[in-house]
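At position 308 of the sequence shown (counting the first as 1) the number is 305 in the numbering used here, and the numbers step up by one without a gap. Encoded as structure tokens, the structure appears first; notes follow it.
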Amino acid sequence: MPQLMTMSGSTLVLAEPVPHHEYREEPEPRARVRARWAAPYRRLFAVPGARAFTLGNLIARLPMGMFSVSAVIMIAGSRGSYALAGAVTATGLAATAIVAPWTARLVDRLGQARVAVPATAIAALGSLALLLCVRLDAPDWTLFAAYAATATTPNTGGMSRARWAHVHRGDAAAVHTANSFEQAVDELCFMLGPVAAAFLCTALFPEAGTLTGVVLLMTGMLIFAAQRSTEPPVAARTDRAPSPLRSPGLPALLAVFLATGAVFGAMEVVTLAYADRLGHGSAGGAVLALQAAGSCVAGLVYGSVRPARAVSRRLLVCTGAMTALMCLPLLAARTGSLLVLAGALLLAGAATAPTMVTGMTLVQRLTPEGRLNEGMTLAVTAILGGIALGSATGGWLADHTSTTTAYLAPGCAAALATVVCAAGPARRR
């Protein structure tokens, strides 16, 4: 091998070149970015039992996006009335808003496994009762009673977040990543659930969606509850802990969740109406799935970055970004192109996941010890209430104005969330 010679003062220096195969190539920039993005999630699931309870939670959570669609298809197909089907599902939503906080309080007081399994069994029996009432052509009032029984379904996402907060207590970065992952799972389930339900009910038989949902819900909950090593311990004397509603800043934060839920509800109804008026009603669900996909990806990316310490300030930035991005569907609707609207919804969905993740992080910090499941369930209840209000408002605007004008509803709801966040006690704390 040739040598290189050089003079250093009066010294002759011989240097041999390093063989080519001994050079260590730097990893590709894309590979480094991918590794840095995945590192927080690898650390998240390194905890023993984390993968097992996550698997059970995923199986149990997928039916959350299936039951309402399955019920509408099943009832409307049998009774010939979408109004009846909508009223039944709305009744179930109202019952859930009332019952869910009490179920979560029992979970905090007695433990997840002791409460979640029997509560899920009651909800599963309610779904099966609805199926039988439809199948046997029972009176309409039985449909309302049966579907109301499903309100005992535990908040599986809240219980999973409580486990992450327990196993990663004291590690704010890991909890942030966990909340981002859980929000991405929420978006994924509500994106795939309706599609799976519609396929099962139309390709097999009308009751197939409900039956499949019951099996998945019960199976997933049994797997989830069996992972006792990651279950948060029952706090002593939780019944004497102050209610989360008395925590300074939490009521204002629930108002932010209410307004954010209105964004979801209004966007869904207005988009379906817009697609229908363009003559592409069957594509409305696929367009909405793009919004959920954008939120899912944004949630995963958001969980891989180190967040700012000031959570309340971060929430204000997220709601402000959500307000700005909600202008995109309004502008896209003026083009009269469903394809342009789909792209706008994909971008608009990127702001909702960071808002939800940051809001849930703030709920965990404001909720008294021993009431975490109840606090997060109150947040979910506020979101459900906002979805109902947003759906009603968006539907009224779609019927009485143009669908283009109706896209003001989600934008105004996002702006309201920003105003409440800026003025709320949680930000001042």
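Glycine residues also receive a C-beta, built at the ideal position from the N, C-alpha and C atoms. Note that the coordinates shown come from a computational prediction; the quantities given were computed from them, not determined experimentally.
Legend entry - Alpha-carbon spacing of P229 relative to G296, whole angstroms: 25 angstroms
Legend entry - Classification of G258 by the beta-carbon crowding that lies within 10 angstroms, buried from 16 upward: buried
Inset, instruction - Check the C-beta distance from A318 over to E184 and give it rounded, since I have them as a contact under 8 angstroms. - result: Between E184 and A318 the Cβ distance is about 17 angstroms, and since that is not below 8 angstroms, they are no contact.
Legend entry - Test item: CB-CB of S67 and T207 under 9 angstroms: yes
Legend entry - V30 - DSSP class collapsed to helix/strand/coil: Confidence in V30 is poor, its pLDDT being 49 and thus under 50, which makes the residue's placement unreliable; the coordinate value appears in the next sentence. V30 falls in the helix class under three-state DSSP.
Legend entry - Own chain residues within Cβ distance below 8 angstroms of R362, not counting five before or after: V308
Inset, instruction - Quick one: which unbroken alpha helix (DSSP H) runs of 4-plus residues sit fully inside the region 373 to 409? Chain order, please. - result: 400 to 403
Legend entry - the region 321 to 338 touching the region 393 to 406, judged by at least three CB pairs closer than 8 angstroms: yes
Legend entry - Per-residue burial, G276 [other beta carbons within 10 Å of its own, 16 or more giving buried]: exposed
Inset, instruction - Helix, strand or coil for N152, going by three-state DSSP, please let me know. - result: coil
Inset, instruction - Buried or exposed for P151, please, with buried defined as at least 16 other CB atoms from any protein chain shown within 10 angstroms of its CB. - result: buried
Legend entry - For G167, three-class secondary structure by DSSP: coil
Legend entry - Residue ranges of each alpha helix (DSSP H) within the region 73 to 148, 4 or longer: 79 to 107, 109 to 132 and 137 to 145
Legend entry - Of the listed residues F141, A205, A410 and V164, nearest to A82 (C-alpha basis): F141
Inset, instruction - Measuring alpha carbon to alpha carbon, tell me which of V267, M373 and A143 ends up nearest A389. - result: V267
Legend entry - DSSP-derived helix/strand/coil call for A307: coil
Inset, instruction - Kindly list the residues whose CB is nearer than 7 angstroms to the CB of A85, restricted to its own chain and excluding five residues on each side of it in sequence; keep chain order. - result: For the record, residue 85 in the displayed sequence is Val; it is not Ala. Answer for V85: A68, I72, L140, F141 and Y144, listed in chain order.
Legend entry - Rounded separation between T398 and I384 - CA only: 20 angstroms
Legend entry - For P229, the three-state DSSP class (helix, strand or coil): coil
Inset, instruction - Could you tell me the distance, in whole angstroms, from the CA atom of A205 to the CA atom of A169? - result: 42 angstroms
Inset, instruction - Determine the extent of the alpha helix (DSSP H) in which V266 is found, giving its start and end residues. - result: L247 to R274
Inset, instruction - Report yes if the C-beta distance between L55 and C186 is below 9 angstroms; otherwise report no. - result: yes
Inset, instruction - Kindly list the residues whose CB is nearer than 7 angstroms to the CB of A339, restricted to its own chain and excluding five residues on each side of it in sequence; keep chain order. - result: V284 and L287
Inset, instruction - Please classify V44: does DSSP put it in a helix, a strand, or coil? - result: coil
Legend entry - Assigned secondary structure, F202 (DSSP; H/G/I helix, E/B strand, else coil): coil
Inset, instruction - State the start and end residues of the unbroken alpha helix (DSSP H) segment that holds M357. - result: T349 to L363
Legend entry - Range covered by the alpha helix (DSSP H) that runs through G62: That residue, G62, is in no alpha helix (DSSP H); it is neither H nor E in DSSP.
Legend entry - Cβ contact check for the region 101 to 116 and the region 220 to 229: 3 or more pairs under 8 angstroms: yes
Legend entry - Option in L189, L255, T93 and V416 with minimal Cα separation from L313: V416
Legend entry - Where the alpha helix (DSSP H) containing G445 begins and where it ends: Residue 445 lies beyond the residue range present for the chain, which begins at -2 and ends at 426; the question has no answer from this structure.
Inset, instruction - May I ask you to report which of helix, strand or coil DSSP gives R368? - result: coil
Inset, instruction - Taking the CB atoms as reference points, tell me whether F42 and R160 lie closer together than 9 angstroms. - result: no
Inset, instruction - Can you tell me which of A146, V114 and R106 puts its alpha carbon nearest to the alpha carbon of A87? - result: A146
Legend entry - Spatial neighbours of L219 in its chain, beta-carbon cut-off 8 angstroms, leaving aside the 5 residues before and after: G53 and V114
Inset, instruction - Output yes or no for whether 9 angstroms exceeds the beta carbon distance between L213 and L59. - result: yes
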